[in-house]
Amino acid sequence: MSPFTQFMAASTVYSKVRAREVVSWGIMGMAMQIPRDFVYSTIIYHSTEGVNKAFTGWGSVMTRYYRKDSAYRDSDLTVKYLGYWTDNGAYYYYHTEKNKTYEQTILDVKVYADMLKLPYRYVQFDSWFYYKGPKEGVTNWTSMPKIFPSGLRSLWEKTGWPVSAHNRWWSDKVVYAKQNGGKFNFIIEEKSRKAVPVDQTFWDYLMKTSKEWGLITYEQDWLNVEFDYITAMYSDVTLGRTWLTQMGAAAAKHGITIQYCMAPSRAALQSLEIPVVTQARATGDYQPGNDNWKIGVSSLFVDAIGVAPFKDNFWTTTDQPGNPYGKKETQPALIALAATLTTGPVAVGDGIGFSDPALIMRSCNTDGLLLKPTKPAKAINKQIIQAAFSGFRGEVWSTYSTISGMSFGIILGASMQSNESVTVGPTDAGFLQSGRSVAYGANIGAGGISAEFSDSKPLVLKGCSNVEFCLRYTTPVITHRGRQLMLYGEMSKWVVMSPQRITNIIISSNDVQVELTGASWEKVVFSLSYGGQLLQMPCLLSNAGRARISVLEGTCVPV
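Its first residue numbered 21, the sequence shown is counted upward by one per residue in this note's numbering.
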């Protein structure tokens with residue numbers, strides 16, 4: 021059950037009335053007036069196939085009605101490629117290299133990345149770079165000279181990294197407001213010391229001028245604070261929608277995408293009307309060693325409304341001396357895996373000298389293109405039901421890649437108690453399966469074995485911890501010339517069969533061919549089993565970044 025229209029004016033209230041539990045939907049109770057022809061509606065969507073299918077079906081109705089497709093999400097550079105981040109939890113969050121400016125620090129990060137051949141394609145700057153005033157509200161969304169002495173454009177030109185940039189709520193002292201000598205219309209509330217723009221020309225100005233210093237993704241953080249602490253937001257039923265749609269229209273006009281962060285559900289739903297909102301944080305802030313990777317449930321909602329879930333940044337090694345938190349990261353492999361499975365940004369936040377290049381490269385090709393599944397990994401129905409009714413504490417997610425009409429599955433189990441177990445078959449995992457499949461682990465290339473995967477012979481996940489997590493893959497059994505063929509994929513990556521790597525599988529009476537793509541002259545090792553023989557096929561992609569495997573010939577040829 022959710023609002024179907026007027027998301028920013030809608031409220032959902034839970035209460036007890038005469039010992040009865042009541043949930044109510046409607047327009048915000050503090051609204052001062054309702055404009056003529058204002059329409060609010062609620063949708064109730066039902067599925068007989070569990071929570072996952074209910075969210076998927078509901079989301080399909082919502083995205084079709086609002087005509088939100090995946091075009092912006094699919095083309096967003098910060099969603100498609102590996103990035104370097106400096107937000108809360110990152111090594112350089114309000115923290116620089118000793119006796120250096122942020123400008124010098126970022127330039128050093130670039131040198132370090134190049135030395136390790138880490139293909140970061142953009143950089144994220146957080147709230148440390150702009151001017152703030154009373155109660156830490158934003159007064160001027162430009163970089164301070166002490167942060168970037170040469171300016172943001174100069175840094176963009178030196179690194180080649182475009183920018184994803186953070187913003188928060190506006191201060192009552194915001195320089196853009198007419199009340200403070202600026203050019204644009206703002207509502208300013210003295211009690212909260214906060215402001216909200218109500219002028220399309222302001223957003224056009226902000227996006228246009230920011231594009232000039234390299235902005236490609238605008239991160240609107242603290243959406244909850246900007247809504248909850250400005251009285252006009254919940255007394256005026258049109259203001260919230262105007263605020264976000266004006267922001268979105270300006271971003272679209274200047275080729276900028278938007279990430280929502282700390283978004284109440286009303287703001288997340290409002291993104292259905294804003295095509296350039298491509299991503300949303302599906303969790304709280306990262307801190308080394310915390311559990312902010314657990315987004316299997318929240319990803320159900322985020323993906324359903326056509327937005328990529330984002331896990332936040334992460335460290336790739338346990339010990340990073342001198343970090344501002346005094347903490348360690350106990351599960352770097354798990355969080356790197358989880359970040360990749362979200363299909364959202366993969367955001368490395370390491371300090372200089374502390375990265376694990378091999379772990380980082382499990383997420384992408386040598387150009388930094390993320391190798392992702394077709395859909396984000398989400399909690400399976402069994403996890404949700406067992407957590408609700410039997411106190412299950414583990415995480416069990418599934419996702420898949422669809423290539424040439426076939427489904428290649430991924431199942432993750434983690435955070436379980438030692439006595440907890442879950443059985444997962446194809447129906448539990450939600451794969452579109454026809455014919456036989458097998459399941460195998462990440463050690464298939466080192467002598468591991470595969471086993472039949474069906475509802476009658478499900479996987480049993482038991483005792484899967486955050487360090488010794490259970491990662492299983494599934495692949496169809498292809499019968500060719502009387503032999504069984506299983507495509508295991510690129511075992512050095514988290515997503516072994518990614519549509520960003522494997523573009524086509526051609527099955528004919530003469531051969532089975534697998535077409536690969538990637539960076540120019542990239543080396544790929546592809547594993548498969550044919551006629552009971554495990555083959556690990558080295559491939560060198562062409563200058564154009566393509567190669568073709570012939571299963572019968574046992575060759576991989578650049579094309």
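Every residue, glycine too, gets a C-beta built ideally from N, C-alpha and C.
Which one of the options has the shortest CA to CA distance from residue i?
i: W269; options: S230, P578 and D224; result: One point to set straight first is that residue 269 is Ala, not Trp, in the sequence displayed. Measuring from the Cα of A269, the nearest candidate turns out to be D224.
i: Y599; options: L259, A471 and I372; result: Any question about residue 599 goes unanswered here, given that the chain covers just 21 to 579.
i: N439; options: S418, R413, G429 and P446; result: R413
i: G79; options: Y92, G70, Y65 and E69; result: Y65
i: M52; options: G309, D256, T303 and S547; result: D256
i: V487; options: A353, T32, S418 and C384; result: A353
i: P182; options: A215, Y151, V131 and L235; result: L235
i: A252; options: V216, C281 and G275; result: V216
i: T179; options: S410, V129, S547 and A367; result: V129
i: S485; options: K120, K314, S410 and D531; result: K314
i: V158; options: I208, V81 and V33; result: I208
i: R382; options: S95, A358, K395 and P396; result: A358
i: T447; options: G509, K402 and S529; result: K402
i: N108; options: S22, P344 and F24; result: P344
i: S512; options: M557, V195 and A302; result: M557
i: L452; options: T360, P496 and I250; result: P496
i: Y142; options: V579, V42, Y151 and L389; result: L389
i: D134; options: P377, V37 and V577; result: P377
i: V59; options: V534, Y85, A29 and R38; result: A29
i: N310; options: K348, F321 and L560; result: K348
i: T260; options: T298, V544, V534 and M48; result: It should be pointed out that residue 260 corresponds to Gly in this sequence rather than to Thr. Of T298, V544, V534 and M48, the residue nearest in Cα terms is M48.
i: L536; options: N530, S528, S529 and V545; result: V545
i: A87; options: S529, L560, P295 and E415; result: The identity of residue 87 in the sequence shown is Arg, whereas the question assumes Ala. Nearest of S529, L560, P295 and E415 to R87, Cα basis: P295.
For the beta strand (DSSP E) that contains residue i, what are its first and last residues?
i: N524; result: I522 to I527
i: M426; result: M426 to A434
i: K36; result: A30 to V37
i: T221; result: Looking at the DSSP string, T221 is not in any beta strand (DSSP E); the run it does join, the alpha helix (DSSP H), is Q220 to K231.
i: K214; result: K214 to P217
i: I236; result: L235 to Q240
i: R286; result: Not the beta strand (DSSP E): R286 falls in the alpha helix (DSSP H), residues S285 to Q290.
i: W45; result: R40 to I47
i: E535; result: V532 to T537
i: P578; result: T575 to P578
i: V296; result: First-last for V296: undefined, no H or E at that position.
i: K166; result: Segment: none, K166 is in no beta strand (DSSP E) and carries neither H nor E.
i: K580; result: Absent from the model: residue 580. The displayed extent of the chain is 21 to 579, so no value can be given.
Between which two residues does the alpha helix (DSSP H) carrying residue i extend?
i: R84; result: V71 to Y85
i: I126; result: Y122 to L136
i: M253; result: T251 to S255
i: M506; result: Not the alpha helix (DSSP H): M506 falls in the beta strand (DSSP E), residues R503 to G509.
i: F145; result: Taken as a continuous stretch (DSSP letters only), F145 belongs to no alpha helix (DSSP H), being part of the beta strand (DSSP E) at V143 to F145.
i: S319; result: S318 to A324
i: F409; result: N401 to S410
i: N244; result: L243 to D248
i: S95; result: A91 to S95
Tell me whether residue i sits in a helix, a strand or coil according to DSSP, three-state version.
i: Y114; result: coil
i: W263; result: helix
i: I63; result: strand
i: K100; result: helix
i: V444; result: strand
i: G8; result: As shown, the chain starts at 21 and ends at 579. That puts residue 8 outside it, with no answer to give.
i: N160; result: strand
i: P154; result: helix
i: E488; result: coil
i: S518; result: coil
i: Q279; result: strand
i: I423; result: strand
i: S570; result: strand
i: Y460; result: strand
i: R382; result: coil
i: T179; result: helix
i: L354; result: helix
i: P377; result: helix
i: L391; result: coil
i: Q199; result: helix
Taking DSSP's pairing of strands, which residues face residue i in a bridge?
i: F546; result: M557
i: Q453; result: The partner list for Q453 (beta bridge, DSSP) is empty, contrary to what the question assumes.
i: R301; result: F330
i: P496; result: S457
i: E349; result: Answer by DSSP bridge pairing: none, since E349 is not bridged.
Would you say the segment 421–438 touches the segment 108–115, given that touching needs at least three Cβ pairs under 8 Å?
Cβ pair count under 8 Å is below three, so no.
Quick check: the segment 471–483 against the segment 500–512, are at least 3 beta-carbon pairs closer than 8 Å?
With a cut-off of 8 Å, the segment 471–483 and the segment 500–512 do not count as touching, because too few Cβ pairs lie within range.
Stretch pair the segment 276–294 + the segment 237–246: three plus CB contacts closer than 8 Å
Contact between the segment 276–294 and the segment 237–246 is present, because at least three Cβ pairs lie under 8 Å.
Three or more C-beta pairs below 8 Å linking the segment 389–408 and the segment 503–523
Output reads yes: the segment 503–523 touches the segment 389–408.
Using a Cβ distance threshold of 8 Å, determine whether the segment 285–305 contacts the segment 325–345, with at least three qualifying pairs required.
Using a C-beta cut-off of 8 Å, the segment 285–305 makes contact with the segment 325–345, since at least three inter-stretch Cβ pairs fall below that distance.
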